[in-house]
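The block underneath contains the structure these notes are about, expressed in structure tokens.
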Amino acid sequence: MNLRDLVILVADPSSYMSMLIHSMLRGFGSNKVLEVRNSMGVFHALTAQRIDLLICDARLPLHGGLQLTRAIRSRRDNEHRTIPILMMSADSRESTIKQARDAGANMVIAKPLSPASLYDRLTWIAFNPRKFVDTSTYFGPDRRFKIEGYPGGVGRRKGDNITEVAQESGPALAQDDIDSLFTAVRSGSD
Amino acid sequence: MTKAAKSKTATKAKTAAQADARVFPVETRFQKMAKREGGVPREKAIEQAQNEIEGVKPRFDNWLGDELQEFKRLMKKAEGAKADAEWIKTANFHSRQLRDSAITLNFELLAFISGSLCEILDSIESGSECNMESITCHIESLLLAAQASYRHLKPEQVPDLTNGLHRVVKRVTAQPST
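Going down the list, the protein sequences come from chains A and B. Residue 36 is where the first sequence starts when you use the numbering used here, and the numbers rise one by one after that. Residue 20 is where the second sequence starts when you use the numbering used here, and the numbers rise one by one after that.
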């Protein structure tokens, strides 16, 4: 994934958490990260310049990340209406995730973040684009989707796509051989 | 309106919304540009991110100091008075910030205590009785865990403290508001 020259806006009320996310993004190769502490800061940034991705806390003051997402998605004259939005939430209950999805967020990531979880969410957004749905009651990414494996085919959980493995090239070890190898290792001999 | 009528109206509205739904593909600039050649492979990106986090770790001390000052200020404000909803909300905001940062930086004891405090404050926000003593003992534990000699400890290394906090959380979360 190439994040160079993409403008990423991190909206988190905590200056230190923001700094941590910023540093993770820098590690991923990002060179244009902006930080804001509240929803007014988000609106200001969105009107002042082009933003390519919004990473937003669900409890962002003043109105909360969900309300902010709804506002971004609902304004027809907003050039950022289809911007990818990654919602961060310390509350990973199913109801919270559904609320974020119904507000129009592309994905939800549980706080605290780890570099691996953040990288994977960004990859999903980048490589698995979803169609947008526009109805009288909803505007946002199609909510009917399922994750069918990590992009690139690296299986990480049961149900993910499996990775390709090499063809069998010779007879496998018998159980007795495996047992004797373990016994030798445990006893410290070769 | 009866429940059945309400459900019928909701189904009608849903059907109407689906009927006029417009579904269209979107390829944002983020999606286009992220696919360019020359990106950082996953393992390397994660390793670099971890190194970057190490780089900002030293600034944690100053930030933690500010957060603890904020807790002290909050405690002073609540002296002799019952904490109101706004107070609980502010305390919860700071304890969440502390928990999230401490987990990311692997300060396990701080993360445990602030997580335990979040549980209490969440429970109070959802209707449990506001027990100031339970909050005070958590904040005092945080002040202790923030000291250099305690900072790198794991919760299991101070079982008296962690078991005590467990009991406090259990008691508070079991009490409905009167």
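For each residue, glycine too, the CB sits at the ideal point set by N, CA and C.
| Using a C-beta to C-beta distance shorter than 8 Å, which residues of chain B count as neighbours of A/N37? | Here the neighbours are M52, A53, K54, R55, E56, G57, G58, V59.
| query | Quick one: is A/G175 near chain B, going by C-beta distance under 8 Å? | reply | It does not; no Cβ of chain B falls within 8 Å.
| task | May I ask you to check if the CB of A/D177 is nearer than 7 Å to at least one heavy atom of the ligand NAD? | result | With respect to the ligand NAD, the structure offers nothing, as it holds no ligand at all.
| Is the segment 74 to 81 of chain A touching the segment 48 to 58 of chain A in the sense that three or more CB pairs, one from each, lie closer than 8 Å? | The answer is no - the segment 74 to 81 of chain A does not touch the segment 48 to 58 of chain A, with fewer than three Cβ pairs under 8 Å.
| query | According to the neighbour-count rule (16 or more other Cβ atoms, all chains shown, within 10 Å of its Cβ), is B/V42 buried or exposed? | reply | Here B/V42 is exposed, its C-beta having fewer than 16 other C-beta atoms within 10 Å.
| task | Assuming A/L81 and A/I120 form a contact by the criterion Cβ under 8 Å, report the distance between their Cβ atoms to the nearest whole angstrom. | result | Contact between A/L81 and A/I120 is absent: CB atoms are separated by about 11 Å, not below the 8 Å threshold.
| field | Ranges of the alpha helix (DSSP H) found wholly within the segment 116 to 173 of chain B, counting only runs of at least 4 | value | Contiguous alpha helix (DSSP H) elements confined to the segment 116 to 173 of chain B occur at 127 to 144, 151 to 164, 167 to 170, taking only those with 4 or more residues.
| task | Leaving aside the five residues before and after A/L69 along the sequence, list all residues of the same chain whose C-beta is less than 8 Å from its C-beta, in chain order. | result | Closer than 8 Å at Cβ, skipping near neighbours: V42, I43, L44, V45, A80, I86.
| said: In this structure, how does DSSP classify A/I118 when only helix, strand and coil are distinguished? | reply: Of the three classes helix, strand and coil, the one that applies to A/I118 here is coil, per DSSP.
| Can you give the Cα-Cα distance for B/H113 and B/L87, rounded to whole angstroms? | Approximately 9 Å between the Cα atoms of the pair.
| Does the beta carbon of A/K166 sit closer than 8 Å to a beta carbon anywhere in chain B? | Judged by the 8 Å Cβ criterion, A/K166 is in contact with chain B.
| Three-way DSSP call (helix, strand, coil) for B/R41 in this model | B/R41 sits in a strand when the DSSP states are folded into three classes.
| request: Consult DSSP for A/E199 and reduce its assignment to one of helix, strand or coil. | output: Low confidence applies here, because A/E199 scores a pLDDT of 45, under 50, leaving its location unreliable; read the following figure in that light. Of the three classes helix, strand and coil, the one that applies to A/E199 here is coil, per DSSP.
| Residues within the segment 91 to 121 of chain A neighbouring chain B, beta-carbon criterion of under 8 Å | Under the 8 Å Cβ criterion, the segment 91 to 121 of chain A contributes R94, T117, I118, P119.
| query | So, A/A140 versus B/A53, is the Cβ gap smaller than 8 Å? | reply | Contact: no.
| query | Taking the continuous alpha helix (DSSP H) assigned at A/L88, which residues delimit it? | reply | Unbroken run through A/L88 is the beta strand (DSSP E), 88 to 92; no alpha helix (DSSP H).
| So B/A130 and B/A121 are in contact, right, with Cβ under 8 Å, and what is the actual spacing, rounded? | Going by Cβ atoms, the distance from B/A130 to B/A121 rounds to 4 Å, so yes, they are a contact pair.
| request: Tell me, to the nearest whole angstrom, how far the beta carbon of B/F90 is from that of B/I158; I am working on the premise that it is less than 8 Å. | output: The pair is a contact, with the Cβ atoms about 5 Å apart (cut-off 8 Å).
| Neighbourhood of B/E106 by C-beta distance below 8 Å, restricted to the same chain and skipping five residues each side | Residue identity differs from the one stated: residue 106 of chain B is Trp in this sequence, not Glu. Cβ neighbours of B/W106 beyond the five flanking positions: L93, K96, A97.
| request: In angstroms with no decimal places, state the Cα-to-Cα distance between A/D126 and B/V191. | output: Rounded to the nearest angstrom, the gap between the Cα atoms of A/D126 and B/V191 is 20 Å.
| task | Taking C-beta pairs closer than 8 Å, name the residues in chain B that A/M59 reaches, listed in chain order. | result | Using a Cβ-Cβ cut-off of 8 Å, A/M59 is close to A68, E71, I72 of chain B, given in chain order.
| query | Nearest CA to the CA of B/R61: which residue from A/F63, A/R116, A/L148, A/P147? | reply | It is A/F63.
| query | Taking Cβ-Cβ distances shorter than 9 Å, what residues in chain A pair up with B/R190? | reply | Those do not exist, as B/R190 stays about 23 Å from chain A at its closest Cβ, beyond 9 Å.
| Backbone CA spacing between B/S145 and A/T131 [nearest angstrom] | Approximately 15 Å between the Cα atoms of the pair.
| said: If contacts are defined as beta-carbon pairs under 8 Å, then B/V59 and B/Q67 qualify, I think. What distance do you get, rounded to the angstrom? | reply: The pair is a contact, with the Cβ atoms about 7 Å apart (cut-off 8 Å).
| request: Identify which residue in B/E138, B/H171, B/F79, B/Q69 has its Cα closest to the Cα of B/V187. | output: The shortest C-alpha to C-alpha distance from B/V187 to any of B/E138, B/H171, B/F79, B/Q69 is the one to B/E138.
| Is the distance from the Cβ of A/T170 to the Cβ of B/A40 below 8 Å? | Yes. Within cutoff.
| query | According to the neighbour-count rule (16 or more other Cβ atoms, all chains shown, within 10 Å of its Cβ), is A/L97 buried or exposed? | reply | Exposed: under 16 other Cβ atoms inside 10 Å.
| said: For A/R165 and B/V45, what's the separation of their Cα atoms in angstroms? | reply: Roughly 7 Å separates the two Cα atoms.
| request: Check B/L93 in the structure and name its three-state DSSP category. | output: Here B/L93 sits in helix by DSSP.
| said: I'd like to know whether the C-beta of B/E46 is nearer than 8 Å to at least one C-beta of chain A. | reply: Taking Cβ atoms only, chain A reaches closer than 8 Å to B/E46, which makes this a yes.
| message | Counting only Cβ pairs nearer than 8 Å, list the residues of chain A close to B/S120. | response | Taking a Cβ-Cβ threshold of 8 Å, the residues of chain A close to B/S120 are S49, Y51, M52, L55, P147, in chain order.
| A/R136 and A/R108 look like a contact to me (Cβ under 8 Å); what is the Cβ gap, rounded to whole Å? | Incorrect: roughly 12 Å between the Cβ atoms, too far for contact.
| A/A145 and A/L101 look like a contact to me (Cβ under 8 Å); what is the Cβ gap, rounded to whole Å? | The C-beta separation of A/A145 from A/L101 comes to about 16 Å, leaving the pair out of contact by the 8 Å criterion.
| task | Using beta-carbon positions only, say whether B/Q69 and A/P150 come within less than 8 Å of one another. | result | For the 8 Å CB-CB criterion, B/Q69 and A/P150 form a contact.
| request: From the DSSP output, read off the bridge partner residues of A/I144. | output: DSSP lists A/M123 as partners of A/I144.
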